[in-house]
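At the far end of the first sequence sits residue 931, using numbering that gives the first Met the number 0, and the numbering has no gaps. Cβ coordinates follow ideal geometry from the N, Cα and C atoms, glycine included.
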Amino acid sequence: MTSYEPQTIEQQCQDRWRQNNTFAVPNPGDPGFDATRPKFYVLDMFPYPSGVGLHVGHPLGYIATDIVARYKRMTGYNVLHPMGFDAFGLPAEQYAVEHGVHPRETTEKNIANMVRQLKRLGLSYDWDRRIATTDVAYYKWTQWIFLQLYNSYFNEGEQRAEPISELVKRLESGELDVAYDGRIVDVGASGAMDALGGPPIGARKWHELKPDEQDAVLAEYRLAYLAEVPVNWCPALGTVLANEEVTNEGRSERGNHPVFKRPLKQWMLRITSYAERLAGDLDLVDWPEAIRKMQRDWIGRSEGALVDFEVANADAERSEASGPIRVFTTRPDTLFGATYMVLAPEHPMVDELTTEAQRAAVAEYRKQAESKTDIDRQAETKTKTGVPTGAFAINPVNGQQIPIWIADYVLMGYGTGAIMAVPGHDERDHAFAKAFDLPIVQVIKGGDKPIEDEAYTGPGVNINSSNDDVILDGLPTPDAKRKITQWLNAKGLGKAQVQYKLRDWLFSRQRYWGEPFPILHGPDGEIRAVDEAELPVELPPMDDFSPTSSDDPNAPPAPPLSRAPGSWKNVVIDGVTYTRELNTMPQWAGSCWYYLRFADPRNQHRFAGGEAESYWMEPTGVDLYVGGAEHAVLHLLYARFWHKVLFDLGHVTTPEPFGRLFNQGYIQAYAYQDARGIYVDALKIEEKDGQFFYEGQPVTRNLGKMGKSLKNAVSPDDMCEQYGADTLRLYEMYMGPLDQSKPWNTRDIVGVHRFLQRVWRNFFDDEGKLLITDDAPDDATARLLHKTIKRVTDDMERMSFNTAIAALIELNNALVSLKQLPRAVAEPFVLMLAPLAPHVCEHLWQQLGHEGSVAFVDWPNYDESMLVEDSIQMVVQVLGKVRGRITVPADADNDAIEAAALGDDKVAANLEGKTVRKVIVVPGKLVNIVAN
RNA sequence: GCGGGCGUGGCGGAAUUGGUAGACGCGCCGGAUUUAGGUUCCGGUGGGGUAAAACCCGUGGAGGUUCGAGUCCUCUCGCCCGCACCA
């Protein structure tokens with residue numbers, strides 16, 4: 000080879016890696032396992048195998064983790080670096096519906112293509128560990144984890160999950176009883192569990208309950224449960240969606256179809272039980288602060304109090320039925336300022352509260368509120384609407400009768416769905432009070448404007464806040480909160496409460512291409528979990544996979560599995576015929592635990608062997624997890640939740656799954672629109688004098704995400720073809736910091752390609768003869784080498800690959816002038832470049848006379864003494880402006896440096912006519928002379 | 001509206017802790033090699049100014065702290081991301 004031919008080298012190299020299985024990493028106990036090395040688990044967020052394949056934006060993170068993996072191998076780690084596919088999901092199903100091809104076929108074809116593309120980039124995955132969430136051997140364990148959730152409950156006292164059998168034991172022993180409303184109560188601490196509710200009335204022993212009653216009680220505690228809840232129903236997709244899958248505009252994130260609220264019986268996961276720990280344990284992980292904050296906000300913890308308001312009996316017969324109205328407030332200290340109450344339109348007490356006179360108005364308002372989409376509600380954020388129910392409540396602190404309204408600015412889904420309105424100290428209540436002319440009372444001192452003009456929402460000192468029993472006047476806000484909460488508690492009127500925005504996770508989807516639930520429904524509605532030994536529950540073969548989509552928001556959901564053959568749908572156990580659950584799990588399910596399966600992907604007896612799991616995961620979980628920020632709350636929160644359940648049940652050894660998270664930026668690309676605003680193929684754009692043309696017509700340019708829709712995708716296959724994978728890898732890393740978004744520019748790629756060509760020419764002459772000498776390098780070259788080793792090592796450690804490459808380019812440029820390349824420089828150079836451009840380095844390493852792969856050779860060290868210069872150049876400033884440069888011995892003392900600085904001709908000229916006031920010497924850097 | 005991030009040459013970016021702003025690359029300009037194009041090699045390249053220097057200006061804008069500010073503080077403008085009636 001007389002010139003650099005990346006295609007030849009890369010093909011040979013990848014063949015050899017495959018034949019030698021170079022990057023397969025053994026588990027503890029496997030042959031070849033080296034227990035003396037520390038471990039490093041570096042993971043990419045695994046992709047959905049889409050039919051269109053990769054564009055150059057996708058592998059940005061994969062290249063980065065590959066460099067880390069290779070660097071870590073060279074610095075002595077056992078590296079787990081796997082790849083898999085999140086392969087359930089809608090596109091394959093939709094393709095199947097349209098083309099009549101089974102989704103498994105499409106999925107496997109797409110995976111094969113993506114694996115090919117990834118291999119071509121020279122990514123050093125242990126392909127033996129490849130998994131897909133759609134593998135039956137994989138989703139068997141997804142179903143198994145679901146059973147763990149189903150068979151567990153959250154022990155509030157211990158703040159951890161336990162097998163539900165433990166709860167049953169305690170019920171059977173009589174330690175716990177069942178209250179009239181199905182709550183489980185502690186007999187010993189009777190009444191203390193809920194100060195508001197008082198002592199449980201009509202509590203029963205466990206054995207007094209009939210089996211179906213027992214099941215119903217347990218269902219209220221299981222971490223996976225069926226519930227009739229208002230869900231996001233998307234008729235166009237024919238499925239329900241999680242809150243997280245619905246946009247602010249009230250449409251589906253996938254496909255942008257309208258979504259309606261509708262009560263349906265669905266599987267839910269009790270993620271809210273873990274709210275406290277999911278929020279608190281964010282302190283344990285090394286994640287970008289922005290992501291941790293997003294999760295905290297999503298969980299939305301807030302401290303406050305529950306307060307009960309009695310209903311005044313304006314209407315005698317109604318008040319009999321009405322219990323108190325319970326509200327949640329974060330400002331119990333403003334209770335004296337509550338001048339009205341508001342219930343959400345959907346609040347269950349609205350009907351019983353509404354007076355005859357208001358019945359029609361209330362009904363009309365509720366109808367409107369119901370038909371409003373979230374968009375409408377949002378558009379009207381500024382203007383408040385509502386109607387009075389006609390009923391009144393009694394403010395418990397001052398006995399005042401206050402009107403009860405319904406308004407859609409109060410949401411049923413948060414807190415109790417009812418609020419006490421304090422217009423003096425809450426902006427929303429203030430706006431509402433102004434709109435409907437309700438009284439505004441100031442109870443906290445503060446604010447720049449009169450309370451009638453603007454609510455004062457900050458802290459302050461209470462006024463107008465005393466009764467015969469409790470005095471808040473003069474107390475600062477935190478004290479007032481504490482005092483009133485104690486008082487409410489003592490009176491049985493309220494109690495301190497922590498509230499979360501987080502809702503339970505809606506876990507059913509009406510789709511075919513997802514994990515079937517390991518659940519059976521009995522003839523009397525009883526639920527029966529499939530026995531662990533019977534797993535997996537495989538998807539039945541079917542010809543028609545379509546969900547029943549509709550334009551009608553009231554169309555009933557009909558999951559595709561309802562058309563499955565009876566032989567699959569019906570299961571007979573002990574003479575009883577059960578029907579399988581016909582919903583499937585959402586796409587998030589499979590990605591909740593794949594990082595665990597990678598530790599031991601072929602294990603048939605456990606989701607992952609205990610030893611393998613603890614070896615790769617301890618002590619802080621995945622050591623480096625790289626992916627896009629778009630998964631900040633969904634995937635990362637769900638996975639943490641599952642992980643914590645598995646941790647509580649003793650199946651995994653770490654409290655958190657991902658110790659360190661890194662979000663890579665996006666690769667943006669220029670997109671071009673013609674005069675009609677239609678996007679045109681970015682590859683066919685011509686540039687003339689700063690103007691852009693498509694087929695001769697001028698077009699406008701702007702920056703967007705790379706992809707099909709903007710017609711600006713660049714294929715990694717094309718880049719590999721033209722420049723080789725090493726060049727593509729270098730370019731993607733050289734573009735800028737990994738965590739920043741930056742624009743792709745195919746024009747710029749030649750820079751790093753030239754670099755590799757120049758590397759080649761430094762190693763070989765025109766005839767392809769190696770230009771290596773065993774002579775020692777000259778002093779300057781040796782010093783530069785060691786400086787470069789330090790720079791590159793530091794940059795590798797902090798994943799600053801763009802500057803690492805710059806350092807290597809500088810070193811390489813310096814080597815161009817040498818006639819022969821000293822081996823002592825060539826070898827460390829190849830080693831440093833190897834993680835970044837592995838193919839060409841494997842080749843050069845061989846040419847240097849080495850047998851094995853460069854991948855496991857020790858990373859070069861630098862000699863500290865080679866970094867110290869004998870003499871250094873220092874800058875001399877006069878009044879902060881650079882006026883001269885001096886060269887002084889590295890060990891010169893400050894006096895000597897000062898003397899040299901003052902002696903410099905140019906400096907002296909600048910100081911002429913001035914008096915030196917002060918001289919600041921920064922050793923090794925500069926001298927600043929203050930003079931006037 | 002609230003919260004977070006970012007603004008540096010024609011372009012991507014560098015400056016890890018307050019200490020020579022613009023490393024490295026693209027592009028551009030000039031030269032060499034080449035039949036030509038491409039490749040390759042050498043030199044130049046923030047703006048103004050000069051024959052060349054000197055010198056002046058310069059990190060979105062305006063102030064401030066400091067011997068010294070891209071970096072710290074205050075205000076302000078622009079862009080990006082997240083949340084959005086969460087009581």
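In DSSP terms, what residue i is bridged to
| i | result |
| --- | --- |
| Y730 | The partner list for Y730 (beta bridge, DSSP) is empty, contrary to what the question assumes. |
| D285 | R659 |
| Y693 | I684, Q696 |
| E227 | K264 |
| R884 | V874 |
| N77 | K38 |
| K917 | V929 |
| L240 | N231 |
| S799 | None, per the DSSP bridge assignment. |
| I771 | L820 |
| Q498 | S301 |
| F259 | W232 |
| Y624 | L42, L660 |
| Y861 | For Y861, which the question treats as bridged, DSSP gives no partner whatsoever. |
Same chain only: Cβ atoms within 8 angstroms of residue i, ignoring 5 sequence neighbours per side
| i | result |
| --- | --- |
| L901 | A907, L910, V915, V918, I928 |
| N811 | F754, R757, V758, N761, F828 |
C-beta contact flag for residue i and residue j at 8 angstroms
| i | j | result |
| --- | --- | --- |
| L305 | R325 | yes |
| G491 | T476 | no |
| Q496 | G299 | no |
| P515 | L538 | yes |
| F544 | A95 | yes |
| E9 | G851 | no |
| F308 | P323 | yes |
| L146 | E533 | no |
| V51 | E731 | no |
| V100 | V41 | no |
| T583 | N569 | no |
| P37 | Y76 | yes |
| A406 | G385 | yes |
| G620 | T653 | yes |
| P48 | T106 | yes |
| P559 | Y511 | yes |
| F606 | I130 | no |
CB-CB length for residue i against residue j, believed under 8 angstroms
| i | j | result |
| --- | --- | --- |
| P234 | D550 | 7 angstroms |
| G626 | M113 | No, G626 and M113 are not in contact; Cβ-Cβ is about 16 angstroms, not under 8 angstroms. |
| I183 | V216 | 7 angstroms |
Burial state of residue i (16 or more Cβ within 10 Å)
| i | result |
| --- | --- |
| T132 | buried |
| Y138 | buried |
| G923 | exposed |
| P697 | exposed |
| H206 | exposed |
| S507 | buried |
| I931 | Strictly speaking, residue 931 in this sequence is Asn, with Ile absent from that position. N931 is exposed by the Cβ-count criterion. |
| S172 | exposed |
| K209 | exposed |
| R797 | exposed |
| T141 | buried |
| L835 | buried |
Close beta carbons around residue i, own chain, < 7 angstroms, minus the five adjacent residues each side
| i | result |
| --- | --- |
| V440 | G336, T338, G423, N463 |
| S740 | G664, Y665, Q667 |
| V651 | L595, E612, M616, H642, L645 |
| K707 | V51 |
| A392 | F308, E309, V310, A311, I324, M340, I401, I403 |
| T456 | H424, D425, E426 |
Residues of its chain near residue i, where Cβ-Cβ distance is below 6 angstroms and the 5 sequence neighbours each way are ignored
| i | result |
| --- | --- |
| S301 | T329, Q498 |
| P25 | G31, F32 |
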